[in-house]
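Numbering (my numbering), first residue to last: 43 to 765.
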């Protein structure tokens, strides 16, 4: 095989695309490299046509731990298992970028597989995988209207102190970035956007998208060079003549029935008997037509009817104006034993979100080729079949559910308080009770209320909205708060979430060949107006976070200890820390930086553990007075625990003003005594003397007469010790 390679400078690093080294039996394969990160993208089309009624495209993102020089941490299982949530999200990014550009008249199964071969920890493989897939599809014979380019954009501080856009930032740059923006598109249009922002203004977000478009053009130029060198002739797919004929017949003879079907589907959300009855009616007019072909033609005319009503009559399926938002309802504190709960409803879309608070040890550990990371804020999304009036599978989450949960998670992450001020692991679960458009944004709104109900001191409340589009030639209409039918028949689903200060998350999917910058800018403006209105309605339900967390949530205290004291807190072989946990029942975690987190349901036990740890690290000073417990009694004195785990010795000579021959005559094990620190010797031992009453004014109990005569010096009368 002859190896062909093309390269270009992107973001200050070399991007190279290579064909001919691997996977010669695939329809197309491209090996891509950026820094030391390498991926291979393969495209395979089936020989036979599929019978599915949708375009049969599947995208698989395969993570291999060897790419980062790692072996799976499990003791028993070393092979990679099912895709991680991260792999699913990256596969969805690529799917959403390439799917709109396929010719849907092509009915062969298409499978795209991206395999991560090497990661350098600085250059993310997801962007490289997207570029490699675009290159592979471009050189393949498949009817695809690419190529596309993809770039990640960060907003990072520059040398002069300002903030500037950075193409494909690595982990070090993203650490200081206010934006994590991914854009894919053709040379003149944007096809996909996925963004997270630290309450970024619409102006900065739009500028970032424009910056990405300039970088994308360089990538497309590189792919075009590769296509010119090794590209195959594209397959031309002609529309089905029977379907085209059926479209004309249905539009001419059954338009009234289609208009009625639009009204029916709006109220029922999904097609019912009305659709099948109409198909039977059309089939009865000419028996030579197959019902599947009739259904395809009917769906086309159904979509065209809705689009025509919007574009020509300014009439949405449910009668709303283009910028009108459905009725909004909210409620908090519905579930008595959960830590926080809220219901958010917008029209027929209803989400119930539940917040759960846990100790830091409950954070999620994630293993990937790039290394191990931990998440202390987790959002899960569940959409059961009953939410759309259907029966269906219930079990592990679908890719869509993973994606919607991740979007809501990203929307709220910038306002979650830092661990230093709120040391909790937070889990949110959004249960979709009813679905008719933009459940992910309903989850975002409901999650804000649930967090506030749980007493989480979020920086700012967050709301979200979805904007749709119906366009034809040079005319288009933007639709605020789209319902299911408008999503199904429209050209885009543009979700924007954010606070009053700015944007926290964006997700854009399109069904056309992309969006112009004019449409993107206008959409961002309309989304801001809509989400601020929704936010105002949300705050009527709960204006601010509750001042206290739920009584059923764990109570957490944090103490920071010097690093050199970590060993004392843990104890030899973990003896001390295990003892504290056993006696208090608290969950205790000690970080390498010296932060000790104590969590438990019982506030008194948490306080005991907190004082215990604080006592271990406290520097005892001469002259300090403590109330302690007698732990041990020996012939020469008693050992008193003045702080948890810290003992000092009271010599018999310091137990009373008179002679004491047997310490048992003065103290008993477990007795509370007041002592003063006399000195700390060179070996760190603490020497104590006993006090009696306030400021040692009260005399100690007199020793028994049979305890022996008072001690005498060799010369002179007995000495009385005063203290």
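Idealized CB from N, CA, C, for every residue including glycine.
From a predicted model like this one, the values you see are computed outputs, not experimental measurements.
Asked, Found
"In angstroms, rounded to a whole number, what distance separates the CA positions of residue 57 and residue 368?", "47 Å"
"Flag this pair as touching only if the stretch 176-186 and the stretch 273-280 have three or more C-beta atom pairs under 8 Å; answer yes or no.", "yes"
"I'd like the span of the alpha helix (DSSP H) that includes residue 167, first residue to last.", "167-181"
"Can you tell me the Cβ-Cβ gap for residue 109 and residue 399, rounded? I've got them flagged as a contact below 8 Å.", "The Cβ separation is near 36 Å, so there is no contact."
"Measuring straight from C-alpha to C-alpha, what distance separates residue 4 and residue 215?", "The structure shown does not extend to residue 4, since the chain is modelled only from 43 to 765, so the question has no answer here."
"Could you check whether residue 81 and residue 189 sit closer than 9 Å to each other, using their CB atoms as the reference points?", "no"
"Report the option in 661, 685, 663, 676 whose CA atom is closest to the CA atom of residue 653.", "685"
"Based on DSSP bridge pairs, tell me the residues matched to residue 668.", "717"
"Determine the direct distance from the alpha carbon of residue 602 to that of residue 637, and round the result to whole angstroms.", "4 Å"
"Would you decide whether residue 45 is buried or exposed? Buried here means 16 or more other CB atoms lie within 10 Å of its CB.", "exposed"
"Am I right that residue 481 and residue 391 are in contact with their C-beta atoms under 8 Å? What's the rounded C-beta distance?", "6 Å"
"Cα separation between residue 199 and residue 219?", "8 Å"
"Could you give the DSSP three-state label for residue 349: helix, strand or coil?", "helix"
"Can you list, in chain order, the residues of its chain with a C-beta nearer than 7 Å to that of residue 542? Leave out the 5 residues immediately preceding and following it.", "502, 574, 577"
"Are residue 102 and residue 153 close, meaning C-beta to C-beta below 9 Å?", "yes"
"Which residue or residues does DSSP assign as beta-bridge partners of residue 535?", "510, 551"
"Would you mind sorting residue 437 into buried or exposed? The rule is 16 or more other CB atoms within 10 Å of its CB.", "exposed"
"Could you tell me which uninterrupted beta strand (DSSP E) segments, each at least 3 residues in length, are contained entirely in the stretch 395-443, listed from first to last along the chain?", "406-410, 413-417, 419-424"
"Taking Cβ positions, are residue 519 and residue 513 nearer each other than 9 Å?", "yes"
"For residue 787, collect the residues of the same chain with a Cβ closer than 7 Å to its Cβ; drop the 5 residues on either side in sequence, then sort them by chain order.", "Because the chain spans 43 through 765 in this model, residue 787 falls outside it and cannot be assessed."
"With three or more C-beta pairs closer than 8 Å as the rule, is the stretch 614-633 touching the stretch 532-547?", "no"
"Measuring straight from C-alpha to C-alpha, what distance separates residue 301 and residue 454?", "41 Å"
"Which value, in whole angstroms, describes the spacing of the CA atoms of residue 60 and residue 306?", "53 Å"
"With H, G and I counted as helix, E and B as strand and the rest as coil, what does DSSP make of residue 205?", "strand"
"Around the Cβ of residue 741, are there at least 16 other Cβ atoms within 10 angstroms (buried) or fewer (exposed)?", "Low confidence applies to residue 741: its pLDDT is 40, below 50, so where it sits in the model is not reliable enough to give any reading."
"With DSSP as the reference, identify every bridge partner of residue 597, one or two as the case may be.", "642"
"So, under 8 Å CB-CB, residue 597 and residue 669 are touching, yes? Tell me the CB distance rounded to an integer number of Å.", "At roughly 25 Å, the Cβ-Cβ gap does not stay under 8 Å, so residue 597 and residue 669 are not in contact."
"Starting from the Cα of residue 529, find the closest Cα among 544, 87, 552, 548 and give me that residue.", "552"
"How far does the beta strand (DSSP E) with residue 323 in it extend, from its first residue to its last?", "Taken as a continuous stretch (DSSP letters only), residue 323 belongs to no beta strand (DSSP E), being part of the alpha helix (DSSP H) at 315-327."
"Compute the distance between the beta-carbons of residue 236 and residue 370, then report whether it is under 9 Å.", "no"
"Would you be able to state if there are at least three C-beta pairs under 8 Å between the stretch 348-356 and the stretch 425-444?", "no"
"Just the Cα atoms here: how many angstroms apart are residue 250 and residue 243?", "11 Å"
"From which residue to which residue does the beta strand (DSSP E) around residue 139 run?", "Element bounds for residue 139: not the beta strand (DSSP E) but the alpha helix (DSSP H), 127-140."
"Do the stretch 154-166 and the stretch 82-90 meet, that is, are 3 or more Cβ pairs less than 8 Å apart?", "yes"
"With distance defined between alpha-carbon atoms, name the residue in 91, 191, 680 nearest to residue 730.", "680"
"DSSP on residue 652, reduced to helix/strand/coil?", "helix"
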